[in-house]
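The letter at position 49 of the sequence shown is residue 41 when you use the numbering used here, and the numbering goes up by one with no holes. To keep things clear, I will list the structure first and then write my remarks on it.
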Amino acid sequence: ERTVAIAAFHVLCRHQSVAMSTITPGSPSIQRHFDRIRSDKREVLILDGGTGEELFRRGVPDDRKIWSATALVNEQYHSALRNVHRSFLDAGSDAVTTNSYGVVPGVGFSREDIARHVATAGRIARESVGGDSDGTCGGAVVCGSLGPLVESYRPDKVMEHTEGVDWYGVILQALSPYVDCFLAETMSSVEEASQTVEAVGKLPPEEKHGMMVSFTLGGDGAIRSGESAPEGVRRIVNFAKKSDVHLLGVLFNCGEPESTTIALRQIQSDKELRGMLDAQGVVLGAYANRLTAVASDWTLEGSEEPQALRKDLSPQEYYTRFVKVWVEDLGLQMVGGCCGITPEHISHIASHLRTSE
């Protein structure tokens, strides 16, 4: 059980300066959290919210080409990024995700640019968490974000396999010294996700961490490629095992929360799949967005203005209509938010889930 003393200790540690030594694949922070949730189905790991949209809400320019990477490229915004990470931690998040999602070749970054800016994202996230890198203080997790290399939500624009694996290797090597796990986000197909998994599998042992894979869904609850959620989960779990990658969890993110519920109900009804996940210790999770529906032909640079936010997903509504259902009815043990989900949303989630523990 969480106690007031432990909570206060965590807050204190999150604001201390960070030791910058390399995190080992079995870092105590990630191991402790996953031991906790695997040993008790009532336990939940609370993720952060949408870093990019929160940066824009705080005055960082919304560049329609490099998006949230603006906060890395321009040093003047580093403090804003650090404050966003801390705001999610103070709200009750157990984890922060590096702001490396948009640092990809598809928007024009070179290999050298990617290595430099991704390392900056990792360093700022680690500094924001605070505490020693051996996990002895605080215990918040740093997840290293791997986004689509070319375009979000677009399975038709996924890079050729070998080339994609190579580019992800560049990102992973830059992230590795700073993170507790890797998080492949907004994957629009099993092929796209498999590139990230293969790249992790090819890392040398000293750079390898466990990873999570998160798919983005269409309005029908299927992965954007048309693959069903249960089939996608089954295939990526098997591929990770084949690739000698420690798959910690499979999630769904950056889609409408209604589609997430559809996918989770399909998985719940697939007893064979649930048995596979339990046997391999793979945890399910979700962190939906607050965006209006994104068209199938959407592109970031082609969008003249940011995607509109929904008005029916206040912190209370997001929790009551969706997160509460995912946890209590559908057995999720990792929840948070993506684009448009604020520290206020995370605070509401944490206050309810931790009260019920």
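Every residue gets a Cβ at the ideal spot worked out from N, C-alpha and C, and that includes glycine.
Point to revise | Residues near Thr284 in its chain [Cβ-Cβ closer than 8 angstroms; skip 5 each side] | key: Gln299, Ala300, Leu301 and Arg302.
Review point. Run through DSSP, which three-state label would Ala107 get?
Key: Helix at Ala107.
Review point. Using DSSP with H/G/I as helix, E/B as strand and the rest coil, what is Glu35?
Key: DSSP places Glu35 in coil when its eight states are reduced to three.
**Study point:** As assigned by DSSP and simplified to three states, the class of Tyr170
**Key:** DSSP places Tyr170 in coil when its eight states are reduced to three.
Point to revise | Straight-line Cα distance separating Gly241 from Pro307 | key: Their backbone Cα atoms lie some 25 angstroms apart in a straight line.
Review point. What's the gap between the Cα of Thr312 and the Cα of Ile333?
Key: Approximately 14 angstroms between the Cα atoms of the pair.
Point to revise | Buried versus exposed, by CB contacts within 10 Å (16 or more), Glu190 | key: By the 10 Å Cβ count, Glu190 comes out buried.
Check your understanding: Does the pairing of the stretch 80 to 95 with the stretch 25 to 42 give three or more beta-carbon distances under 8 angstroms?
Key -> The stretch 80 to 95 vs the stretch 25 to 42: in contact.
Check your understanding: Under three-state DSSP, which class holds Tyr279?
Key -> Strand at Tyr279.
**Study point:** Straight-line Cα distance separating Cys330 from Gly139
**Key:** Inter-residue distance for Gly139 and Cys330 is about 13 angstroms (C-alpha atoms, whole angstroms).
Review point. In its own chain, which residues sit with a C-beta less than 6 angstroms from the C-beta of Leu345, not counting the 5 before and 5 after it?
Key: Same-chain partners within the cutoff: Val36.
**Study point:** Met203, enclosing beta strand (DSSP E) - first and last residue
**Key:** Per DSSP, the continuous beta strand (DSSP E) segment holding Met203 begins and ends at Met203 to Phe207.
Exercise for review: Evaluate His340 with the Cβ neighbour count: other Cβ atoms within 10 Å of its Cβ, from every protein chain shown; 16 or more gives buried, anything less gives exposed.
Suggested key: His340 is buried by the Cβ-count criterion.
Review point. Which value, in whole angstroms, describes the spacing of the CA atoms of Ser13 and Thr188?
Key: Residue placement at Ser13 is flagged as unreliable, the pLDDT there being 33, under the threshold of 50; the coordinate-derived value follows with that caveat. Distance from the CA of Ser13 to the CA of Thr188, rounded to the nearest whole angstrom, comes to 24 angstroms.
Review point. Which value, in whole angstroms, describes the spacing of the CA atoms of Ser343 and Cys173?
Key: Within the model, the alpha-carbon separation for Ser343 versus Cys173 is close to 25 angstroms.
Check your understanding: Would the beta-carbon of Val171 fall within 9 angstroms of that of Ala117?
Key -> Result yes, Cβ atoms of Val171 and Ala117 sit closer than 9 angstroms.
Check your understanding: By Cβ distance below 6 angstroms, which residues in the same chain neighbour Arg216 in space, the five residues on each side in sequence not counted?
Key -> The residues are Tyr145, Pro147, Ser180, Thr208 and Gly210.
Practice item. Using three-state DSSP, classify Ser261 as helix, strand or coil. Key: Under the three-state reduction of DSSP output, Ser261 falls in the coil class, being neither helix nor strand.
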